[in-house]
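One structure is given here, and the rest of the page talks about it.
Protein chains: 2
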Amino acid sequence: MTHVAQRAGVSAMTVSRALRKDGAISAATRQRIMAAVEELGYVLDQTAGTFSSKRSGFVAALVPSLNNSNFADTARGVTDALDGSGLQMLLGYTDYSTAKEEEIVQSMLMRRPEGLILTGGRHTERARRLLTRAGVPVVETWDMPGEPVGHVVGFSNAEATRSLVHHLHERGYRRIGYIGGTSNRDTRGADRRVGFLRAAAELGLDRERIVSFGQPPISMSQGGEAIVQLLSRWPDTDAAVCVSDLSAFGALSECRRRGWAVPGRVALAGFGDFEIASAAVPSLTTVAVDSYGIGHRAGDVLLQAILARRDDRAMPAETVLMPFRIIERETT
Amino acid sequence: MTHVAQRAGVSAMTVSRALRKDGAISAATRQRIMAAVEELGYVLDQTAGTFSSKRSGFVAALVPSLNNSNFADTARGVTDALDGSGLQMLLGYTDYSTAKEEEIVQSMLMRRPEGLILTGGRHTERARRLLTRAGVPVVETWDMPGEPVGHVVGFSNAEATRSLVHHLHERGYRRIGYIGGTSNRDTRGADRRVGFLRAAAELGLDRERIVSFGQPPISMSQGGEAIVQLLSRWPDTDAAVCVSDLSAFGALSECRRRGWAVPGRVALAGFGDFEIASAAVPSLTTVAVDSYGIGHRAGDVLLQAILARRDDRAMPAETVLMPFRIIERETT
DNA sequence: CTGTTAGCGCATTCAC
DNA sequence: GTGAATGCGCTAACAG
Chain A
73 MTHVAQRAGV
83 SAMTVSRALR
93 KDGAISAATR
103 QRIMAAVEEL
113 GYVLDQTAGT
123 FSSKRSGFVA
133 ALVPSLNNSN
143 FADTARGVTD
153 ALDGSGLQML
163 LGYTDYSTAK
173 EEEIVQSMLM
183 RRPEGLILTG
193 GRHTERARRL
203 LTRAGVPVVE
213 TWDMPGEPVG
223 HVVGFSNAEA
233 TRSLVHHLHE
243 RGYRRIGYIG
253 GTSNRDTRGA
263 DRRVGFLRAA
273 AELGLDRERI
283 VSFGQPPISM
293 SQGGEAIVQL
303 LSRWPDTDAA
313 VCVSDLSAFG
323 ALSECRRRGW
333 AVPGRVALAG
343 FGDFEIASAA
353 VPSLTTVAVD
363 SYGIGHRAGD
373 VLLQAILARR
383 DDRAMPAETV
393 LMPFRIIERE
403 TT
Chain B
73 MTHVAQRAGV
83 SAMTVSRALR
93 KDGAISAATR
103 QRIMAAVEEL
113 GYVLDQTAGT
123 FSSKRSGFVA
133 ALVPSLNNSN
143 FADTARGVTD
153 ALDGSGLQML
163 LGYTDYSTAK
173 EEEIVQSMLM
183 RRPEGLILTG
193 GRHTERARRL
203 LTRAGVPVVE
213 TWDMPGEPVG
223 HVVGFSNAEA
233 TRSLVHHLHE
243 RGYRRIGYIG
253 GTSNRDTRGA
263 DRRVGFLRAA
273 AELGLDRERI
283 VSFGQPPISM
293 SQGGEAIVQL
303 LSRWPDTDAA
313 VCVSDLSAFG
323 ALSECRRRGW
333 AVPGRVALAG
343 FGDFEIASAA
353 VPSLTTVAVD
363 SYGIGHRAGD
373 VLLQAILARR
383 DDRAMPAETV
393 LMPFRIIERE
403 TT
């Protein structure tokens with residue numbers, strides 16, 4: 073910066089000002105400085121800037137997996153909401169593990185984010201403690217946690233699945249099964265199973281008709297194996313609710329290979345309204361969530377909280393309930 | 073850190089040592105310090121550490137899109153290769169735009185990464201200049217650039233698609249079409265079209281039989297619209313090569329809806345060996361690339377280069393050609 | 001609109 | 001194995 077300053081015939085401080093948008097510099101001086109910057113190939117050292125200003129200029133966003141269009145859309149929403157704020161989003165992925173989430177929370181906090189966006193409402197005790205003590209705003213998404221860490225932008229996965237089962241019941245299905253992963257690692261998946269069980273209890277359906285298959289998130293091929301297990305164990309099953317569209321598509325493909333008509337032999341429903349749900353033949357009944365909207369809204373809430381904090385204003389914890397809706401298609 | 077030091081009855085320097093793995097501290101002292109750290113909820117400020125040590129402890133990885141299992145696998149590979157090195161990967165996505173790539177390169181460089189991994193070999197002039205001047209190792213992936221910026225771990229997309237077309241020709245297909253996006257925004261997609269044209273020229277096939285549909289990356293539904301256009305414009309088409317498995321699946325679904333037998337009426341092939349390629353019915357012929365391996369190898373190469381640089385050793389630019397292979401399935 | 005001074009929280013270096 | 005002095009490159013705060 074001193075080099076640039078010398079070349080432009082100004083002080084380092086003036087270079088610093090020219091490199092930030094907040095003005096207080098004459099157009100002519102800025103132009104001269106920018107020319108010097110380009111000539112020297114100077115790139116501002118944000119590390120030093122952060123250190124000095126105590127503003128890191130970024131927020132951390134943690135998602136379970138990169139390869140999931142729902143979370144990719146949420147990340148896009150966050151990025152868009154932050155656009156123009158001078159804040160950048162740094163992404164981390166937890167592989168659906170709260171232990172890994174804890175690690176990433178810690179390593180993110182070492183870089184002093186101005187806020188964090190998390191997926192889900194379940195965290196390790198230590199992660200909760202770190203987050204609380206960090207003193208920066210936190211938004212939990214894709215869930216409705218009982219005891220939120222801070223702000224929330226999400227919905228109840230249990231409630232959404234419960235609605236889906238009720239919907240199938242209204243359509244006349246009575247022997248409904250559930251396909252999901254073997255552990256509670258995917259906490260949203262576990263919540264969906266809870267919703268299935270709740271609806272089954274309310275409607276007097278069989279609550280045993282559950283196939284758990286593979287470590288979450290379960291793949292298309294695991295969905296295929298699961299539907300075979302479900303129908304061989306309970307051959308009178310007339311509908312299967314799957315933890316995600318991907319497993320539902322796997323089940324659908326396996327049915328096709330075996331000549332089982334969908335929805336004639338068995339109806340299928342997924343979760344998430346991935347592109348494949350509408351592209352599949354027959355198209356998949358599913359639960360649509362506004363993934364992008366969750367991210368955008370979470371970004372908004374976080375930004376407001378960060379701005380409030382900069383002004384030493386307190387911002388009350390906000391909980392935004394996002395809508396979901398059942399999309400009936402050809403598999404039911 | 074001073075607080076922690078006081079509580080543990082040592083100097084700040086000793087706390088700094090305790091928080092890094094490099095030893096030179098007694099077990100008893102470290103234990104006392106760790107206790108104080110936990111009690112106070114202290115989290116090391118890596119910004120200050122980076123600033124002082126001139127090591128940011130991270131590498132930047134830029135991918136075109138998050139929602140793509142190929143690039144997600146590559147990112148996983150990079151993360152795994154870096155595991156244990158003390159380097160963290162920070163991810164950015166470019167939306168398949170070199171202009172956005174330039175922006176992200178700049179904002180990453182402001183945080184002083186110790187290395188960068190890029191997807192593709194085409195960049196804006198300014199991005200190239202920034203990268204060259206940054207003085208840190210760079211690895212380009214998923215491509216075989218003519219003039220690499222630094223190291224390369226990839227393959228030729230043109231060559232892979234050319235092989236696929238030759239493969240179809242050997243299987244007896246003679247009126248082969250190509251489905252891709254409308255612009256060169258997805259540079260790997262553009263290279264695949266080049267490979268198609270090259271093979272068509274070599275084999276004496278019709279070189280006009282191309283449908284470009286939508287902004288890359290093209291969606292499943294755009295793949296569906298494209299196959300309809302292709303077959304209505306050139307009804308004698310006996311095979312279609314698609315820029316990706318996703319568009320190929322969209323084409324496949326549309327054929328099914330219209331009662332066009334695949335591969336009877338038209339054969340289809342994709343690119344990438346996504347999970348959907350094997351899950352689809354009929355399963356998709358495609359080109360498999362070792363996405364995870366590209367990431368892992370790129371991470372390895374970058375790590376070696378970073379370690380060499382730390383020791384002031386020069387490391388010659390390395391080019392690693394990764395294999396691809398045609399996977400013949402039921403759509404051809 | 002521009003310059004000067006001071007200091008952000010660590011790690012490096014050297015002393016002991 | 002531990003401590004003290006020093007400085008990393010920038011920006012806040014204030015002066016002019």
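Those protein sequences? They're chains A and B, same order as listed. FYI, in our numbering the residues of the first sequence are 73 to 404. FYI, in our numbering the residues of the second sequence are 73 to 404. Ideal placement from N, C-alpha and C gives every residue a C-beta, glycine not left out. Keep in mind it's a predicted model, so treat the numbers as computed, not measured.
Of the other Cβ atoms in all chains shown, fewer than 16 fall within 10 Å of the Cβ of S304 (chain A); this residue is therefore exposed.
A distance below 8 Å separates the beta carbons of L324 (chain A) and L340 (chain A). Sorting B:I105, B:G158, B:I251 by C-alpha distance to the C-alpha of R127 (chain B) places B:G158 at the top. Listed in chain order, the positions of the region 99 to 113 of chain B with a beta carbon within less than 8 Å of a beta carbon of chain A are G113. Put simply, the backbone Cα of A206 (chain A) is about 23 Å away from that of G226 (chain A).
Rounded to the nearest whole angstrom, the C-alpha separation of R337 (chain B) and F130 (chain A) is 53 Å. Between V266 (chain A) and chain B, the shortest Cβ-Cβ separation is not below 8 Å. A153 (chain B) sits away from L163 (chain B), with the two beta carbons spaced by 8 Å or more. Any Cβ of chain B closer than 8 Å to the Cβ of M216 (chain A) would place that residue at the interface, and such an atom is absent.
Selection A:E390, A:P217, A:E274 evaluated against R234 (chain A) yields A:E274 as nearest (Cα-Cα). A133 (chain B): member of the beta strand (DSSP E) spanning 130 to 135, first to last residue. Residues of the region 276 to 302 of chain A with a C-beta less than 8 Å from any C-beta of chain B: S291, M292, S293, G296, listed in chain order. If the five residues before and after V283 (chain A) are omitted, its C-beta is found closer than 6 Å to the C-beta atoms of I251, A298, Q301, L302, all from its own chain and listed in chain order. At a cut-off of 4 residues, the continuous stretches assigned as alpha helix (DSSP H) that sit fully inside the region 218 to 245 of chain B are 229 to 242. In this structure, R279 (chain B) sits near L269 (chain B), with a CB-CB distance shorter than 8 Å. If you ignore the 5 residues before and after A389 (chain B), its C-beta comes within less than 7 Å of the C-beta of P220, G222, H223, all in its own chain and listed in chain order.
Of all residues in the region 321 to 338 of chain A, the ones placed with a Cβ closer than 8 Å to any Cβ belonging to chain B are F321, G322, S325, R328, R329, in chain order. From the beta-carbon of D117 (chain A), the residues of chain B found nearer than 9 Å are F123, M182, R183, R184.
With contacts defined by Cβ atoms closer than 8 Å, V87 (chain B) and L112 (chain B) do not form a contacting pair. Around the CB of L138 (chain B), 16 or more other CB atoms lie within 10 Å, so the residue is classed as buried. A Cβ-Cβ distance of about 22 Å is found for the pair I366 (chain A) and V313 (chain A), leaving them out of contact under the 8 Å criterion. Along the region 113 to 178 of chain A, the beta strand (DSSP E) occurs as fully enclosed runs of 3 or more residues at 130 to 135, 160 to 165, listed in sequence order.
For L162 (chain A), the residues of chain B that pass the 7 Å Cβ criterion are L162, in the order they occur in the chain. For S363 (chain B), the uninterrupted alpha helix (DSSP H) segment begins and ends at 363 to 382.
Scanning chain A for C-beta atoms nearer than 8 Å to the C-beta of Q178 (chain B) yields V115, reported in chain order.
With distances taken between CA atoms, V150 (chain B) lies nearest to B:L190 out of B:L190, B:G121, B:E347, B:T119.
Beta-bridge partners of I251 (chain B) (DSSP): B:V283, B:C314. Residue pairing from DSSP leaves R305 (chain B) without any beta-bridge partner. Boundaries for E186 (chain A): no alpha helix (DSSP H) harbours it, and the DSSP string shows neither H nor E there. As DSSP reads the structure, I398 (chain A) sits in a beta bridge with A:V359. Going by DSSP, E274 (chain A) is part of the alpha helix (DSSP H) stretching over 259 to 275. Minimum Cα-Cα distance from C327 (chain B) among the listed residues B:D308, B:G296, B:S350, B:G344 corresponds to B:G296.
A320 (chain A) places its beta carbon less than 8 Å from that of G342 (chain A). Beta-bridge pairing by DSSP links A339 (chain B) to B:A311.
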